[in-house]
Structures are given as C-alpha cells and as structure tokens.
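Numbering (full-length UniProt numbering), first residue to last: 1 to 190. Glycine included, each C-beta is placed from N, C-alpha and C at the ideal position. Heads up: the structure comes next, in structure tokens.
What follows is the structure in structure tokens.
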C-alpha cells in the first residue's frame, strides 16, 4: 500500500515541527480546558481486524490528531465512511489537506471539540486518550444516547476503565499491546 506509506511520511514530516511549536498555555486559552496530548495507535493494521466494516459503517476517531486512523481506514475500506474530530487546528489541517490531496471521498475531518460535535450518525467510535478523567462521563453519556437508537461499537485504547464500568457496554475483544496498554472493543447492549 504505497499510498499509506506516502501519507504516513507526510504526517511524520510535519508532526515534529507542529508539536514543538504548540504552547500548552496558548492552546488552553484558545480552546479551553482539554487534554491536548498527542498519541496515535501504532497498531493500525490490527485495529480493524475485530470490526465488521460495511457500506453502513460510520467510523469516528474522537481526537483524531493528524488523521492516521481515518486515513488508513478510508484507504483500506473504501465502502465505509471515516470521520475524525480534532480540536487543534494545526493537527486538523494536516489531515484535511491529505484527504483533499488524495481525493478520499469516504473521509472527512472536523476541527472541533468531541463533546460538542454531533456524532449521532456514528456506528463505531475509536478513542485513544483525548480527555481528562472528569470529561469521560460526558462522553459516555453522549455515546449511550446514540446507543439507544442503534447498536454501536466503542474501541478504547487507554483509559479503558471508564468503558469497563459502563453497564450499557459489553467488552467483546481485548488486544494486548504491551504489559500496560490494551485496546478494548465494546458493543452496546441491546
């Protein structure tokens, strides 16, 4: 997949410069109290193995950073829709430009707050670690409201404890990354 390599090289080329120039105090003043940590799954090829991807799939990456996951998914699964939400304009612009440059019709990127953006069309939600502890209750309630109308899948890579405790979610797969980190897959209970 040469296109994936090309995209990853472009993200890597811009990432260090952007991250070095971000000032936590400036972005906190601009966007408010949020977690601005950057991290991305290094298990892209395995991430989708335990998911059913169809033309009805709307996959959200909540806190999508530079778009690694939605770009990978959009190329690998051209019939599904991939949407990323990233609060930082600097990261969002890299993803948006790559979507436009590569003419990926099944991928979109939104610059916004995941807690304030409408994600009700989603069927699969990936969360790496975009929030502070006190914000997960609001995200879980938002996802729960969506699950009242349809079955959803939630993938948590970090901070899994919040999803483990949600009575409306049932874990169906665990992917051990290392001794500490795991990716957990959950389905909403019908």
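Residue range 81-86 is occupied by the beta strand (DSSP E) that includes residue 86. Between residue 143 and residue 4, the alpha-carbon positions lie close to 30 Å from each other. According to the DSSP secondary-structure assignment, residue 187 is paired through a beta bridge with 153, 170. Measuring C-alpha to C-alpha distances from residue 124 to each of 135, 169, 92 identifies 169 as the nearest. Membership of residue 110 in the beta strand (DSSP E) is indicated by the continuous run 107-111. Taking C-beta separations shorter than 7 Å and ignoring five residues to either side along the sequence, the partners of residue 130 in its chain run 35, 62, 63, 114, following chain order. One thing to note: residue 107 has its Cβ no nearer than 7 Å to the Cβ of residue 80. Straight across, the Cα-Cα distance linking residue 104 with residue 171 is about 32 Å. For residue 162, there is no enclosing beta strand (DSSP E); the residue is part of the alpha helix (DSSP H) that begins and ends at 160-164. For residue 72, the enclosing alpha helix (DSSP H) stretches over residues 68-76.
By the neighbour-count definition (other C-beta atoms within 10 Å, threshold 16), residue 88 is a buried residue.
If the five residues before and after residue 176 are omitted, its C-beta is found closer than 7 Å to the C-beta atoms of 182, all from its own chain and listed in chain order.
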